[in-house]
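What follows is a single structure, written as structure tokens, with notes after it.
In my numbering, the protein residues as written are -4 to 188.
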């Protein structure tokens, strides 16, 4: 099931002199409701031999429930961003090979599509795009009670295009292109009871 968040805080504006006296930019209290969607996962793991295991996993996320982001401020001001996201299905593959009595090599890959349906709905706040994950890790069994794992993941993020244009000459316009990548390194010490 989804998770509902209630966000509250202060909206503080720092504007150039001509705009600082405008009521539109007065500091105020702000609140927003954010409902994160439900998700469902399924996976299958198969042991091919005493030393080799493989798995495949699917993760569905119901992002279509995220239709808008609405922030309400004091004095009746409201900021509404239309999102209209799509549901997504993440696909992952992984394997584990115990190549020596205490050593295990792990590797995996995943494709994680963006829920943003088009450049018109992408924002600078979250310039999301499709992601491809590749991971490798190594585990060492120190003793019956202790083990250590080291892992590295690289995430390739497709270039994302933003095209928030409108017909009105008074409306805000944002056009741009974002690039990104992520590198994650982890070390974990495990105690087995």
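Note that beta-carbon positions come from the ideal geometry of N, C-alpha and C, so glycine has one too. No experiment lies behind these values; they were computed from the predicted model shown.
C-beta atoms of residue i and residue j nearer than 8 Å
i: residue 183; j: residue 150; result: no
i: residue 127; j: residue 93; result: no
i: residue 49; j: residue 43; result: yes
i: residue 119; j: residue 157; result: yes
i: residue 147; j: residue 130; result: yes
i: residue 97; j: residue 136; result: yes
i: residue 185; j: residue 169; result: no
i: residue 84; j: residue 55; result: yes
i: residue -3; j: residue 60; result: yes
Assigned secondary structure, residue i (DSSP; H/G/I helix, E/B strand, else coil)
i: residue 90; result: strand
i: residue 151; result: strand
i: residue 71; result: helix
i: residue 14; result: helix
i: residue 58; result: helix
i: residue 37; result: strand
i: residue 119; result: coil
i: residue 45; result: coil
i: residue 65; result: strand
i: residue 139; result: coil
i: residue 159; result: strand
i: residue 83; result: strand
i: residue 76; result: strand
Exposure label - residue i; buried when at least 16 CB within 10 Å
i: residue 123; result: buried
i: residue 224; result: Residue 224 is absent from the structure shown; the chain starts at -4 and stops at 188.
i: residue 22; result: exposed
i: residue 141; result: exposed
i: residue 71; result: exposed
i: residue 177; result: exposed
Start-to-end residues for the beta strand (DSSP E) that takes in residue i
i: residue -2; result: -2 to 6
i: residue 19; result: Taken as a continuous stretch (DSSP letters only), residue 19 belongs to no beta strand (DSSP E), as it is neither H nor E.
i: residue 185; result: 169 to 186
i: residue 232; result: Outside the shown range of the chain, which is -4 to 188, sits residue 232, and nothing can be said about it.
i: residue 113; result: Careful: residue 113 lies outside any beta strand (DSSP E) and carries neither H nor E.
i: residue 136; result: 126 to 136
Counting Cβ pairs, one atom from each stretch, are 3 or more of them under 8 Å apart for the region 56 to 66 and the region 22 to 40?
-> The region 56 to 66 vs the region 22 to 40: in contact.
Would you be able to state if there are at least three C-beta pairs under 8 Å between the region 32 to 41 and the region 1 to 8?
-> Short answer: they don't touch.
Tell me, please, whether the region 74 to 90 touches the region 13 to 22 by the rule of three or more beta-carbon pairs shorter than 8 Å.
-> With fewer than three CB-CB distances shorter than 8 Å, the region 74 to 90 does not count as touching the region 13 to 22.
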